[in-house]
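Beneath this line is the structure, given in structure tokens, with notes to follow.
Numbering (the numbering used here), first residue to last: 48 to 372.
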């Protein structure tokens, strides 16, 4: 270990040290965002040398890394020494705060913030105000509320969040589910990346249907055939679409029947014409929407004649299921 003259002045002065990278303990739970060194970083160190020191606590028998895990790993792999800034003796809280502060200005994902919050929450002496400040979280924000709800989930769910498989917006829906229910849900997020809207819809419908039917999550998913859908070798997009459809059908059986009947009637009535017939508002009214796109006066006259033939049919009642109710 070699001391290097520091350009920093008191009271912010810390010792700059040159230490063989392999002699530094490079692991610790406070390194909650650490990742392997990229090839770009390796090339930069090889070409330009180490431009930024790693942060260490050198107060013990072996220096301990506080921040700069990727740089340290690359330097150790190359058998080189590391320029280190010794922050002095730090407890676990101070190490976590120093690590987070060393990443200020970085745009943090929900998964990264959750990882940091899990670390700070595990410390009995943690000052939540300091942690929230360094992570850029407002005390009464919706994001913080969702993060705190997420922290009630098992640790393996952080992997789904970090992978983008399930959004943080689902935390309220997942919170409070039994361990068995959460375990039953896990296959839905292995290898699938749900959008915020679709994930929230599926989980909302699932919880509502389970409560109405008095069944568990696993039983409900089995009834929807989710296991068979996931095993069918479909593309992720098709698998998520099928699952969403089946869960919706189970949650809204009457609405689903009405949609099916309407679609069949619309195809039959519009057959042989260029008119498109839809029910625009989920049967909250009895309105039916007809649409077509003429490209000429002659085309408009032809469409008008087709519409007149449709209006003369005697099987239009299925298009207006609420009539008389």
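Backbone N, C-alpha and C fix where the C-beta goes; we use that ideal spot for every residue, glycine too.
Predicted model, so just to flag it, every value in this text is computed and none were measured.
On the CB-based measure, 16 or more other CB atoms within 10 Å of its CB, does residue i come out buried or exposed?
i           : result
residue 355 : exposed
residue 186 : exposed
residue 56  : Confidence in residue 56 is poor, its pLDDT being 42 and thus under 50, which makes the residue's placement unreliable; the coordinate value appears in the next sentence. Its Cβ having fewer than 16 others within 10 Å, residue 56 is exposed.
residue 328 : exposed
residue 31  : Residue 31 falls outside the range modelled here, since the chain spans only 48 to 372, and no answer is possible.
residue 358 : exposed
residue 214 : buried
residue 163 : buried
residue 104 : buried
residue 143 : buried
residue 58  : Summary for residue 58: the model assigns pLDDT 44, below 50, so the residue's position carries little reliability, and this model does not support an answer.
residue 278 : exposed
residue 110 : buried
residue 369 : exposed
residue 203 : exposed
residue 184 : buried
residue 258 : exposed
residue 182 : buried
residue 334 : exposed
residue 98  : exposed
residue 146 : buried
residue 208 : buried
residue 118 : buried
How is the alpha helix (DSSP H) around residue i delimited, first residue to last?
i           : result
residue 91  : 86 to 95
residue 358 : 344 to 358
residue 297 : 283 to 298
residue 340 : Counting along the chain, residue 340 falls outside any alpha helix (DSSP H), and DSSP gives it neither H nor E.
residue 161 : 157 to 168
residue 324 : Counting along the chain, residue 324 falls outside any alpha helix (DSSP H), though it belongs to the beta strand (DSSP E) covering 323 to 325.
residue 255 : 243 to 260
residue 276 : 273 to 277
residue 265 : 264 to 270
residue 15  : One cannot answer for residue 15 here, as it falls past the ends of the chain, which runs 48 to 372.
residue 205 : 204 to 210
residue 143 : 139 to 148
Which residue comes first and which comes last in the beta strand (DSSP E) that contains residue i?
i           : result
residue 175 : That residue, residue 175, is in no beta strand (DSSP E); its alpha helix (DSSP H) goes 175 to 182.
residue 196 : Looking at the DSSP string, residue 196 is not in any beta strand (DSSP E); the run it does join, the alpha helix (DSSP H), is 189 to 197.
residue 67  : 62 to 67
Compare the C-alpha of residue i against each of the options and name the closest.
i           : options            : result
residue 318 : 362, 130, 300      : 362
residue 132 : 73, 232, 102, 304  : 102
residue 79  : 165, 130, 108      : 165
residue 238 : 210, 114, 64, 369  : 210
residue 254 : 278, 275, 236, 219 : 219
residue 269 : 293, 250, 199, 247 : 293
residue 223 : 343, 129, 196      : 196
residue 85  : 366, 276, 115, 240 : 115
residue 248 : 174, 217, 367      : 217
residue 73  : 63, 113, 177, 201  : 113
residue 353 : 246, 316, 64       : 316
residue 212 : 151, 192, 245, 351 : 245
residue 201 : 189, 221, 332      : 221
residue 251 : 178, 332, 298, 207 : 298
residue 22  : 360, 303, 62, 141  : The structure shown does not extend to residue 22, since the chain is modelled only from 48 to 372, so the question has no answer here.
residue 365 : 312, 343, 326      : 312
residue 139 : 83, 130, 75, 232   : 75
Handout entry: the stretch 123 to 131 in contact with the stretch 66 to 85 per 3-pair CB rule at 8 Å
Key = yes
Problem - Three or more C-beta pairs below 8 Å linking the stretch 315 to 327 and the stretch 276 to 286 - result: no
Exercise for the section: Only counting runs of 4 or more residues, tell me where the alpha helix (DSSP H) segments fall wholly within the stretch 97 to 132, in order along the chain. Expected result: 116 to 124
Problem - Contact the stretch 337 to 349 vs the stretch 275 to 282: 3+ CB pairs below 8 Å - result: no
Exercise for the section: Spell out a yes or no on whether the stretch 227 to 243 and the stretch 259 to 266 are touching, meaning 3 or more CB-CB pairs, one atom from each, closer than 8 Å. Expected result: yes
Practice task
Assess, as a yes-or-no matter, whether the stretch 87 to 98 is touched by the stretch 151 to 169 under the definition of 3 or more beta carbon pairs within less than 8 Å.
Solution key: no
Handout entry: the stretch 141 to 159 / the stretch 83 to 92 touching (three or more Cβ pairs under 8 Å)
Key = no
Practice task
Determine, using beta-carbon pairs with one atom in the stretch 342 to 349 and one in the stretch 292 to 311, whether at least three such pairs fall under 8 Å.
Solution key: no
Exercise for the section: For the stretch 213 to 240, list the alpha helix (DSSP H) runs that are entirely contained and at least 4 residues long, ordered along the chain. Expected result: 218 to 221, 226 to 232
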